[in-house]
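Asker: Residue numbers (this note's numbering), protein chains in the order written: chain A, -19 to 117; chain B, 2 to 433.
Glycine included, every Cβ here is placed at the ideal spot set by N, Cα and C.
Since this is a predicted model, take the numbers as computed values, not measurements.
Handing you this structure, nothing more for now.
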Amino acid sequence: MRNARIRFAAFLAAVVAAAAGILYAQYDRGYYAPENLGSIRQSAPPTNSDSAVYAVEAYPLYAPELAPGEGREVVQAYCSTCHSTRYITMQPPLARETWEAEVNKMVKTFGQPIPEDVQPIIIKYLQAHYTPASRKK
Amino acid sequence: MYQERVMSRRRMLGTLAFGGVAAAAGAAAPKRLPNREQLPRQAHALPAFTGPSPNPYWNSVGPLAEYPQKAPLVLLTDRPAQLETPRHYFETAFTPNRAFYVRWHLDEIPNSVDLSAWRLGIEGRVARPVRFSFDDLLKQFQPASVAAVNQCSGNSRSKLQPRVPGGQWGHGAMGNALWTGVRLRDLLEAAKVQPGALAVQVQGLDQGKGPERNGSHDFLKSLDLKDSVIDEAIVAYAMNGEPLPLLNGFPIRLVVPGYFATYWVKGLTWIRALEQPDDNFWMKTGYRIPDTPRGATTPEEVKAGKVKTVPINRMPVRSFIVAPDGSSKLVAKLPVTVRGIAFSGYGAVNKMEVSADGGKTWSAAELGEDHGPYSFRTWSFAWAPAEPGRYALAARATDAKGNVQPDEAVWNPGGYLWNRIERQEVIVGRGE
């Protein structure tokens, strides 16, 4: 009797272990990794009054990292008068002549007063870092 | 490395536990151990750069960013703000205000508006120049509402090949809202537009740092007074039954049903009846499309200077698969509902078709509730993939004018009018 009980208990344990083993092979669980894609902080609710003024806080800036290289400071200075330099980094890689045309458009069409000797520096910088040949990521 | 180690230890434990007792217990061996690709991995960020090939993703590839009165949206540019609506917000016919995309042209956009000082002015070739307060608009006019899609002219620009400069939108530079306000026609009548007026020009509160009387200083758009759309246009003070978010044009914006969003001026403050054709940059140079079927041309024709252009106007018929979006594997024989939206600037979408074989064969989808000819129309299609494998789902809309979404790409230098059939690849796994 006692032997039979032990044998039965051993059998039960084996079944449970086997079931656990099978389950183990069927699922994976409990994976966490310290790597993440970052998080965004929530904004606090605004404090408003019942006046006729409808306001929001300052719009956030997200300055991009421009490629390091000769002319970067000039580009930073002249190309961010009217818009953020994200207008540069957002673009797909553009042909050399397209960048030249873009800078010319800013000067001639949109009236940005970029001195004549500075324009080629800006064009060269954009061509050096933001064409299909020069931009890979 | 970290994962490798965890996996191998885990696999070893599983194998030991199983192997050690299976024989004694007489348990059946599981048919298949999970292979390495099926094990959980850490999330990878979307590449931030997709050129020079077409952007393969549904949305633009920028990070999500937090803005006032907004849910996190996909950031294109920060100054001026250009933000795209993530795909899942298109599961419903109406796009929530907090998720509605944002696109400004000039960097000085309003952070606040004082309605005790703000007035909408109607001037130019009118007998009675008038100024209306927000309260006047509410009290003196019969309100009118329209459900209408607002879509950026450059929506989907990142799909063009070769790529073109401009905002690199995915498909999320669009939204649908119930707009409520005053009919533009009622306002023009209140000011008594005089004979001889050709067009109505609109200007909002945004301003740029460029020289005066230049496109970099003022954003100005105009509509021909003979255009029938004038009778449908609304000056909206409410969007989905709420005030407009500042980023979407508080206190009022022009709503031009069926037309691309470039005419839907935000923070609308001046309406001018013009006697001369509008020759400002945003009409004469910007936002123009080739005067060809579908607005299509080639880089060669552009270079040769052969392309005659006209101002962009109505939106061609489009449709989108919103779900499934490829983020989850489907299971063979498990029915799923393919869902999406469709619209056309030429009138109601009255037919939707779905293909599960990349566009070889098509079946009719069911249309959702009709909110009017200029609204998103939801649609759904019951589908049960019979076999495991890779499927290319495709959706095709037809509008009341008989326009069918084409399967050919379109190219023009502005990156406008993209409306080809969209596809969604889904992977179906085995059920046993």
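Which chain A residues are close to B:Pro73, counting only those with a beta carbon under 8 Å from its beta carbon?
Answerer: For this step, residue 73 of chain B is matched to residue 72 along the second sequence. Within 8 Å Cβ-Cβ: Ile20.
Asker: Just to make sure I have the definition right: I need the residues of chain A whose C-beta is within less than 9 Å of the C-beta of B:Tyr68. Which are they?
Answerer: Taking the first residue of the second sequence as position 1, residue 68 of chain B is located at position 67. Here the neighbours are Ser23, Val36, Tyr39, Pro40.
Asker: Identify which residue in B:Gln43, B:Gly63, B:Ala44 has its Cα closest to the Cα of B:Thr51.
Answerer: Residue mapping note: residue 51 of chain B aligns to position 50 of the second sequence, counting from 1. That would be B:Gly63, whose Cα lies nearest to the Cα of B:Thr51.
Asker: The region 55 to 83 of chain A: which residues have C-beta closer than 7 Å to a C-beta of chain B, in chain order?
Answerer: Thr61, Cys62, His63, Ser64, Arg66, Tyr67, Met70, Gln71, Pro72, Pro73, Leu74, Thr78, Glu82
Asker: Let me check understanding here. Comparing Cα to Cα, which of B:Arg158, B:Arg340, B:Asp79, B:Asp137 lies closest to B:Thr57?
Answerer: As a working note, residue 57 of chain B is residue 56 in the second sequence. Just to set this straight, residue 57 of chain B is Pro in the shown sequence, not Thr. Comparing Cα-Cα distances from B:Pro57 to each of B:Arg158, B:Arg340, B:Asp79, B:Asp137, the minimum goes to B:Arg158.
Asker: As an exercise, report each continuous beta strand (DSSP E) stretch of at least 3 residues that is fully enclosed by the region 201 to 284 of chain B, in chain order.
Answerer: Qualifying beta strand (DSSP E) stretches, in chain order: 221 to 225, 235 to 240, 254 to 256, 271 to 275.
Asker: Taking C-alpha atoms, which residue in B:Phe382, B:Gly155, B:Val429 lies nearest to B:Trp363?
Answerer: By 1-based counting over the second sequence, the position of residue 363 of chain B is 362. Ranking the options by Cα distance to B:Trp363, first place goes to B:Phe382.
Asker: Tell me the DSSP bridge mates of A:Ala117?
Answerer: Here the question's residue 117 of chain A lines up with position 137 in the first sequence. A quick correction: the sequence has Lys, not Ala, at residue 117 of chain A. For A:Lys117, which the question treats as bridged, DSSP gives no partner whatsoever.
Asker: Go through the region 59 to 116 of chain B residue by residue and report every complete run of the beta strand (DSSP E) that reaches 3 residues or more, in order.
Answerer: Given a length threshold of 3 residues, each whole run of the beta strand (DSSP E) inside the region 59 to 116 of chain B is given here in chain order: 74 to 78, 83 to 85, 113 to 115.
Asker: Determine the direct distance from the alpha carbon of B:Ser229 to that of B:Asp326, and round the result to whole angstroms.
Answerer: Reading the second sequence from its first residue, position 325 is the one you call residue 326 of chain B. Reading the second sequence from its first residue, position 228 is the one you call residue 229 of chain B. Approximately 38 Å between the Cα atoms of the pair.
Asker: Between the region 281 to 295 of chain B and the region 402 to 419 of chain B, are three or more C-beta pairs nearer than 8 Å?
Answerer: yes
Asker: Relative to the C-alpha of B:Ala192, which candidate in B:Ala234, B:Gly176, B:Phe133 has its C-alpha closest?
Answerer: By 1-based counting over the second sequence, the position of residue 192 of chain B is 191. Comparing Cα positions, the closest option is B:Phe133.
Asker: Using the beta-carbon of each residue, which ones in chain A are nearer than 7 Å to B:Arg164?
Answerer: Taking the second sequence and counting its residues from 1, one reaches residue 164 of chain B at position 163. The contacting residues are Pro72.
Asker: Please name the residue or residues paired with B:Pro312 in a DSSP beta bridge.
Answerer: For the purposes of this step, residue 312 of chain B is identified with residue 311 of the second sequence, where counting begins at 1. According to DSSP, B:Pro312 bridges with B:Arg289.
Asker: By how many angstroms is the C-alpha of B:Tyr375 removed from the C-alpha of B:Thr435?
Answerer: Lying before the first or after the last residue shown, residue 435 of chain B is absent from chain B, which here runs from 2 to 433.
Asker: Where does B:Arg33 land, buried or exposed, given buried means 16+ other C-beta within 10 angstroms?
Answerer: Here residue 33 of chain B is taken as the residue at index 32 of the second sequence, counted from 1. For B:Arg33, the pLDDT reaches just 49, beneath the cut-off of 50, and the residue's location in the model is therefore unreliable, leaving the point undetermined.
Asker: Hey, is B:Asn215's beta-carbon within less than 7 Å of any beta-carbon in chain A?
Answerer: Counting from one through the second sequence, the residue named residue 215 of chain B turns up at place 214. Output row for B:Asn215: interface = yes.
Asker: Could you check what DSSP says for B:Asp358 in three-state terms: helix, strand or coil?
Answerer: As a working mapping, residue 358 of chain B is identified with position 357 in the second sequence. Strand at B:Asp358.
Asker: With distances taken from CA atoms, which of B:Asn215, B:Ile322, B:His45, B:Ala387 is nearest A:Lys85?
Answerer: Reading the first sequence from its first residue, position 105 is the one you call residue 85 of chain A. The shortest Cα separation from A:Lys85 among B:Asn215, B:Ile322, B:His45, B:Ala387 belongs to B:Asn215.
Asker: Against B:Thr51, what residues of chain A qualify as contacts under a CB-to-CB distance less than 8 Å, listed in chain order?
Answerer: Within the second sequence, numbered from 1, the residue matching residue 51 of chain B stands at position 50. Those are Pro72, listed as they occur along chain A.
Asker: Contact check, B:Asp169 vs B:Leu275 under 8 Å by CB: the rounded distance?
Answerer: Stepping through the second sequence from its first residue, residue 169 of chain B is reached at position 168. Stepping through the second sequence from its first residue, residue 275 of chain B is reached at position 274. Before going further, note that residue 169 of chain B is Gln rather than Asp in the sequence given. No, B:Gln169 and B:Leu275 are not in contact; Cβ-Cβ is about 33 Å, not under 8 Å.
Asker: Using a Cβ-Cβ cut-off of 8 Å (strictly less than) and excluding sequence neighbours within five positions of B:Val438, which residues of its own chain qualify?
Answerer: This structure cannot speak to residue 438 of chain B, because chain B is shown only from 2 to 433.
Asker: Just to confirm my understanding: we take A:Tyr58, look at its own chain, exclude 5 residues before and 5 after, and list those with CB closer than 6 Å. What are they?
Answerer: Taking the first residue of the first sequence as 1, we reach residue 58 of chain A at position 78. Excluding residues within five positions, the ones whose Cβ falls inside 6 Å are Ile94.
Asker: Identify every residue that forms a DSSP beta bridge with B:Ile123.
Answerer: Looking up residue 123 of chain B in the second sequence gives position 122. BP columns for B:Ile123 point to B:Val131, B:Ile272.
Asker: Within 7 Å (strictly less), CB to CB, does B:Ala44 reach chain A?
Answerer: Stepping through the second sequence from its first residue, residue 44 of chain B is reached at position 43. Yes - at least one Cβ of chain A is within 7 Å of the one on B:Ala44.
Asker: Check the Cβ of A:Pro95 against every Cβ in chain B and list those closer than 9 Å, keeping chain order.
Answerer: Locating residue 95 of chain A in the first sequence gives position 115, where the first residue counts as 1. Chain B residues near A:Pro95: none, gap ~16 Å exceeds 9 Å.
Asker: Work out the CA separation of A:Ile68 and B:Arg315 for me, nearest whole Å.
Answerer: Numbered from its first residue, the second sequence carries residue 315 of chain B at position 314. Numbered from its first residue, the first sequence carries residue 68 of chain A at position 88. Straight-line Cα distance between these residues: approximately 29 Å.
Asker: Could you tell me which chain B residues have their CB closer than 7 Å to the CB of A:Leu106, listed as they occur along the chain?
Answerer: Within the first sequence, residue 106 of chain A is the residue found at index 126, counting from 1. Chain B residues near A:Leu106: none, gap ~11 Å exceeds 7 Å.
Asker: So, under 8 Å CB-CB, B:Trp265 and B:Arg273 are touching, yes? Tell me the CB distance rounded to an integer number of Å.
Answerer: Along the second sequence, one-based indexing puts residue 265 of chain B at 264. Along the second sequence, one-based indexing puts residue 273 of chain B at 272. Wrong, their Cβ atoms sit about 17 Å apart, outside the cutoff.
Asker: Which same chain residues end up closer than 8 Å to A:Thr111 when comparing Cβ atoms and leaving out the 5 residues on each side of it in sequence?
Answerer: Position 131 of the first sequence, counting from 1, holds the residue named residue 111 of chain A. These residues qualify, in order along the chain: Pro73, Leu74, Ala75, Arg76, Trp79.
Asker: Can you tell which of B:Gln277, B:Lys307, B:Ala128 has the C-alpha that lies nearest to the C-alpha of B:Ile290?
Answerer: Mapped onto the second sequence, residue 290 of chain B falls at position 289. Nearest option by C-alpha distance: B:Lys307.
Asker: Let me check understanding here. Comparing Cα to Cα, which of B:Met240, B:Pro69, B:Leu65 lies closest to B:Leu76?
Answerer: Indexing the second sequence from 1 puts residue 76 of chain B at position 75. B:Leu76 has its Cα closest to that of B:Leu65, out of B:Met240, B:Pro69, B:Leu65.
Asker: Please list the partners that B:Arg80 has in chain A, where partner means a Cβ-to-Cβ separation under 7 Å.
Answerer: Along the second sequence, one-based indexing puts residue 80 of chain B at 79. The answer, in chain order, is Leu41, His63, Ser64.
Asker: When you compare the CB of A:Pro112 with every CB in chain B, is at least one pair closer than 7 Å?
Answerer: Here residue 112 of chain A refers to the residue found at position 132 when the first sequence is read from its first residue. Answer yes: the Cβ-Cβ gap between A:Pro112 and chain B drops below 7 Å somewhere.
Asker: Can you list, in chain order, the residues of its chain whose CB lies under 8 Å from that of A:Glu37, leaving out five sequence neighbours each side?
Answerer: Reading the first sequence from its first residue, position 57 is the one you call residue 37 of chain A. For A:Glu37, same chain residues with a beta-carbon under 8 Å away, outside a window of 5 residues either side, are Ser23, Pro26 in chain order.
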